[in-house]
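*Asks:* According to my numbering, the stretch in the sequence shown is residues 91 to 201, in order.
C-beta atoms are modelled at their ideal positions from N, C-alpha and C, and glycine is treated no differently.
Can you read through this structure? Questions will come right after.
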Amino acid sequence: MELAQERDAGTNVISPAGRVDGSNSAEFHESLMAALSGDDNRVILDMGGIDYISSAGLRVLLLLAQHLGGNSTPFAVCSLAASVDEVFRISGFNQIITVFGTLDEAKAQLA
91 MELAQERDAG TNVISPAGRV DGSNSAEFHE SLMAALSGDD NRVILDMGGI
141 DYISSAGLRV LLLLAQHLGG NSTPFAVCSL AASVDEVFRI SGFNQIITVF
191 GTLDEAKAQL A
């Protein structure tokens, strides 16, 4: 699991890569929480590098969304691979977490 990050004008774009499953979900959660800052006006998780996510990974995203929601920080995910998008739709996560097709779309809509 790798994690890249870019901050621009109050937007924190976090870009994980790899698989997210039970074997690394705790590490994924810790990495995401460490990437957050009190200065974040918006957080976008660019999921383009994630090719697989299990229910353990979805739980991490739910915890992140709850944490950010408690701080009233807008949060969205974008660039889902087809297989990850299918998991989001089947599980109903696309009704819980805002999903955008591209990073540019997410930045524009959350601005």
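Taking the continuous alpha helix (DSSP H) assigned at A198, which residues delimit it?
*Replies:* Translated into positions along the sequence shown, residue 198 becomes position 108. A198 -> alpha helix (DSSP H) spans L193 to L200.
*Asks:* With C-beta atoms as the reference, is P164 less than 8 Å away from R132?
*Replies:* Here the question's residue 164 lines up with position 74 in the sequence shown. Here the question's residue 132 lines up with position 42 in the sequence shown. Yes.
*Asks:* Looking at the strands, I want to know which residues DSSP matches up with D129.
*Replies:* Stepping through the sequence shown from its first residue, residue 129 is reached at position 39. Looking at the DSSP assignment, D129 forms no beta bridge with any residue, so it has no partner.
*Asks:* Would you call L154 buried or exposed, if buried means 16 or more other Cβ atoms sit within 10 Å of its Cβ?
*Replies:* Position 64 of the sequence shown, counting from 1, holds the residue named residue 154. Buried, since its Cβ has 16 or more Cβ neighbours within 10 Å.
*Asks:* Suppose you measure from the CA of S162 to the CA of Q156; what does that come to, to the nearest Å?
*Replies:* Translated into positions along the sequence shown, residue 162 becomes position 72. Translated into positions along the sequence shown, residue 156 becomes position 66. Roughly 10 Å separates the two Cα atoms.
*Asks:* Exposed or buried, what is D129 when buried is set at 16 or more other beta-carbons lying within 10 Å of its beta-carbon?
*Replies:* Walking along the sequence shown from the start, residue 129 turns up at place 39. Answer is exposed; the Cβ neighbour count stays below 16.
*Asks:* Tell me whether the region 184 to 193 and the region 112 to 122 touch, counting them as touching only if at least three CB pairs, one residue from each stretch, are closer than 8 Å.
*Replies:* Touching, no, given that fewer than three Cβ pairs across the two stretches are closer than 8 Å.
*Asks:* Where does L148 fall in DSSP's three states?
*Replies:* Residue numbering aside, residue 148 sits at position 58 when the sequence shown is read from its first letter. If DSSP states are grouped into helix, strand and coil, L148 belongs with the helices.
*Asks:* Applying the criterion that 16 or more other CB atoms from any shown protein chain within 10 Å of the CB defines a buried residue, is S113 buried or exposed?
*Replies:* As a position in the sequence shown, residue 113 is number 23, starting the count at 1. The residue in question, S113, is exposed, as its Cβ has fewer than 16 Cβ neighbours within 10 Å.
*Asks:* Assuming A166 and I143 make a contact with CB atoms under 8 Å, what is their CB distance in whole Å?
*Replies:* Indexing the sequence shown from 1 puts residue 166 at position 76. Indexing the sequence shown from 1 puts residue 143 at position 53. Not really, about 16 Å apart at Cβ, beyond 8 Å.
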